[in-house]
Amino acid sequence: MTERGCLLLFAALGFLLGAWNVPLFDLDEGAFSEATLEMLDSGNYISTTLDDAPRYDKPMLTYWLQGISVHLLGRHELAFRLPSILCATLWMWLIYGFVREREHERGEALVAAGAVSLGLMSSIVGHAATADALLNLLIASAGLDIFRWYERPRRRLLMRVYLAIGLGLLAKGPVALAIPGAASLIFFASQGRMRLWWRAVLDPLGWLLIAAVVAPWVTLSLHQDGGTFLRHFLLDHNVGRYEDTMQHHGGHWWFYLAALPVIVLPFTGVLRAALWPQDGHDTFDRYGLIWFVVVLLLFSFSATQLPHYLLYGATPLFVLIGRHHRQVRWRRLALLPALLLLVLLAALPWALPRIAAQTHRAYEFGVLTLAAPQFDIAYARFAGLAVLIALGAIAVAPRRWPLALLLIAGLQAGLIWGVAAPRFARAYQEPTRDAALRARDLRLPTVSYRTHLPSFSVYRGAPTPSGLPAPGTLVFARIDKLAALHDALPGVEWSTEFQRGGVALLRRAP
Numbered sequence: 073m074t075e076r077g078c079l080l081l082f083a084a085l086g087f088l089l090g091a092w093n094v095p096l097f098d099l100d101e102g103a104f105s106e107a108t109l110e111m112l113d114s115g116n117y118i119s120t121t122l123d124d125a126p127r128y129d130k131p132m133l134t135y136w137l138q139g140i141s142v143h144l145l146g147r148h149e150l151a152f153r154l155p156s157i158l159c160a161t162l163w164m165w166l167i168y169g170f171v172r173e174r175e176h177e178r179g180e181a182l183v184a185a186g187a188v189s190l191g192l193m194s195s196i197v198g199h200a201a202t203a204d205a206l207l208n209l210l211i212a213s214a215g216l217d218i219f220r221w222y223e224r225p226r227r228r229l230l231m232r233v234y235l236a237i238g239l240g241l242l243a244k245g246p247v248a249l250a251i252p253g254a255a256s257l258i259f260f261a262s263q264g265r266m267r268l269w270w271r272a273v274l275d276p277l278g279w280l281l282i283a284a285v286v287a288p289w290v291t292l293s294l295h296q297d298g299g300t301f302l303r304h305f306l307l308d309h310n311v312g313r314y315e316d317t318m319q320h321h322g323g324h325w326w327f328y329l330a331a332l333p334v335i336v337l338p339f340t341g342v343l344r345a346a347l348w349p350q351d352g353h354d355t356f357d358r359y360g361l362i363w364f365v366v367v368l369l370l371f372s373f374s375a376t377q378l379p380h381y382l383l384y385g386a387t388p389l390f391v392l393i394g395r396h397h398r399q400v401r402w403r404r405l406a407l408l409p410a411l412l413l414l415v416l417l418a419a420l421p422w423a424l425p426r427i428a429a430q431t432h433r434a435y436e437f438g439v440l441t442l443a444a445p446q447f448d449i450a451y452a453r454f455a456g457l458a459v460l461i462a463l464g465a466i467a468v469a470p471r472r473w474p475l476a477l478l479l480i481a482g483l484q485a486g487l488i489w490g491v492a493a494p495r496f497a498r499a500y501q502e503p504t505r506d507a508a509l510r511a512r513d514l515r516l517p518t519v520s521y522r523t524h525l526p527s528f529s530v531y532r533g534a535p536t537p538s539g540l541p542a543p544g545t546l547v548f549a550r551i552d553k554l555a556a557l558h559d560a561l562p563g564v565e566w567s568t569e570f571q572r573g574g575v576a577l578l579r580r581a582p
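Under our numbering, the letters of the sequence shown match residues 73 to 582, in that order.
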């Protein structure tokens, strides 16, 4: 297969597979998609709402891209996810091109591309209808061009860095400037090239380019609400997210060290060779390590921690994995973490019923009870075959190392996105979607009660405010919130319009 064919296959397995037939996942996919729909329906392209309440989480670039996709393709899952799929594919291509410039063997560039497209967390981000694939593309573009600028200072490269940072600010805010800025400062200082760094940082044309990208939206936002959106975004969702735990996503300083081996699966066994190559670190190795460590430290001490934050520093890791993967000595052993994940996935038909039987929380019990039958004998056959092929790949790994590594990566992506994710979604997300479709058919006013699953509003086709239902109206709720709903409205008669898995749709009697 040609290199281009390999890259297209990687993107199809890692980013596209399942994107068109799996319901939107809550919380994030539902929230972004509903905010995009409300933007389109309201004609307000300056700030976003979610279920008619202001949403200050992110700037507007992702919503604009999703809006274009929805306008062209219609209101369905693939349209919401397409911007992320394309951005993740460009991210992969960017890393491939960077490694291809520097390595004589094509295997190095292909392994680097496989690491970003088939790695566990990066493939999740590439599937998800959120801002993260876009931000990773832009941080990668800025960071890699900074190193190219270090090697050969050219104005075109510097303007590309500034453009990527400007778009990153419009996609997710100050993190797009903080990461390349801090990493480049430490690297240039360590190389004794601070004069070159200051030359780049003080370039007036670059700052004019950032202003040209960001200032129009900032100006319109200030005019629209007097700075309310920007104030909440910067203080609550940047400073506040760093200083205080948000949405129960707290952690410990060691969280990302523990998460890293899982985040890069199935390339976990290559990490040691990537971070500590046998022939020592060259200039890019040092730059890549600084970039990665800056991100690791930045988010390790954040009060809000999510696994995908570490991906902002994973671009250099993917490059290093590609460049140094041949230095892995114990190649069969290096593939055991990937095999373990495949075995765990193959064990789901036996594990899920037992986990469900031990769960005492109503919502989780409803989801797991519905999920268990989905992982049937057909799933077990697919998963078992994947394990057998992986064992064959491990057997030949010492002689056919890049092929074995990429084959197991493809098996992991195919099993997760082609087989496991659609089955899990039938239990976790399809009930929410089907409840929304039932509510849409009934054409009655609808509220949600102590339940934040915004994909319900996407599929219902209308914002769903939170609160208690009026007589004759509908209420959507998780099943573990129904007792509280009955306590809040004692003596009220209810009829169940829909209940499956972990959610229910009730109609209050007139």
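Idealized CB from N, CA, C, for every residue including glycine.
Chain-order list of residues whose beta-carbon lies under 6 Å from that of Leu478 (same chain, five-residue window excluded):
Gly186
Nearest neighbour of Phe594, chosen from Ala214, Ala261, Tyr500 [CA to CA]
With the chain represented from 73 up to 582, any question about residue 594 goes unanswered, as that position is not in the structure.
Alpha carbon to alpha carbon, what distance is there between Ala212 and Leu133?
17 Å
Among the candidates Leu407, Ala434, Pro541, Ala272, whose CA atom is the shortest distance from the CA of Val342?
Leu407
Taking its Cβ as the centre, do 16 or more other Cβ atoms sit within 10 Å of Leu89, making it buried, or is it exposed?
Answer is buried; the Cβ neighbour count reaches 16.
Nearest CA to the CA of Arg515: which residue from Phe97, Pro494, Val547, His380?
Val547
Suppose contacts are defined by Cβ-Cβ distances below 8 Å. Is Leu540 in contact with Leu554 by that definition?
no
Please list, in chain order, all residues of the same chain as His209 whose beta carbon is under 6 Å from its beta carbon, the five residues on each side excluded.
Contrary to the premise, residue 209 reads as Leu rather than His in this sequence. These residues qualify, in order along the chain: Cys159, Leu162, Trp163.
From His304 to Ala418, what distance separates their C-alpha atoms?
45 Å
Per DSSP, Ala549 is paired with what?
Paired residues: Ala576.
Assuming the contact rule is C-beta atoms closer than 8 Å, Ser538 and Leu383 should be a hit. Round their C-beta distance to whole Å, please.
So it is not a contact: roughly 32 Å between Cβ atoms.
Going straight from the alpha carbon of Tyr521 to that of Val564, what length do you get?
15 Å
With a cut-off of 8 Å on the beta carbons, I'd call His380 and Val197 a contact; round off their distance for me.
6 Å
Could you name the residues of the same chain whose beta carbon sits closer than 7 Å to that of Leu280, not counting the 5 residues immediately before and after it, in chain order?
Excluding the 5 residues flanking it on each side, Leu280 has no same chain C-beta neighbour closer than 7 Å.
Please name the residue, chosen from Leu487, Ala485, Ala434, Gly464, that lies closest to Ala476 on a Cα-to-Cα basis.
Gly464
Going by DSSP, name the residue or residues bridged to Ala406.
In DSSP, Ala406 forms no bridge with anything.
Alpha carbon to alpha carbon, how far is Arg453 from Gln399?
35 Å
From Gln377, Leu416, Gly179, Val273, pick the residue whose C-alpha is nearest to that of His324; which is it?
Gln377
Compute the Euclidean distance between the alpha carbons of Pro503 and Thr108, then round it to the nearest angstrom.
22 Å
Determine the contact status of Phe390 and Ile167, defining contact as a CB-CB distance below 8 Å.
yes
Quick check on Gln350: buried or exposed, where buried means 16 or more other Cβ atoms within 10 Å of its Cβ?
When all chains shown are included, Gln350 counts as exposed.
DSSP three-state assignment for Val519, whether helix, strand or coil:
Annotated three-state conformation of Val519 is strand, per DSSP.
Identify, in the order they occur along the chain, each residue of the same chain with its Cβ nearer than 7 Å to the Cβ of Thr568, setting aside the five sequence neighbours on each side.
Ala576, Leu578
If you check the beta carbons only, do Ala201 and Ser262 fall under 8 Å apart?
no
Expressed to the nearest angstrom, what Euclidean distance is found between the alpha-carbon atoms of Phe259 and Tyr359?
6 Å
Can you check DSSP and say which residues form a bridge with Thr120?
Arg127
From what residue to what residue does the alpha helix (DSSP H) around Leu252 run?
Inspection of the sequence shows that residue 252 is occupied by Pro rather than by Leu. Looking at the DSSP string, the run of the alpha helix (DSSP H) that includes Pro252 is 247-262.
Look up Gln571 in the DSSP assignment and give the residues it is bridged to.
Ala576
Distance between beta carbons of Ile466 and Arg401, contact taken as under 8 Å
Not confirmed; about 15 Å, so no contact.
Suppose contacts are defined by Cβ-Cβ distances below 8 Å. Is Gly488 in contact with Ala462 by that definition?
The question names Gly, but residue 488 is Ile in the sequence shown. Their beta carbons are not under 8 Å apart, which means Ile488 does not touch Ala462 by this criterion.
Out of Leu96, Leu182, Phe97, Asp100, point me to the one whose CA is closest to Ala83's CA.
Leu182
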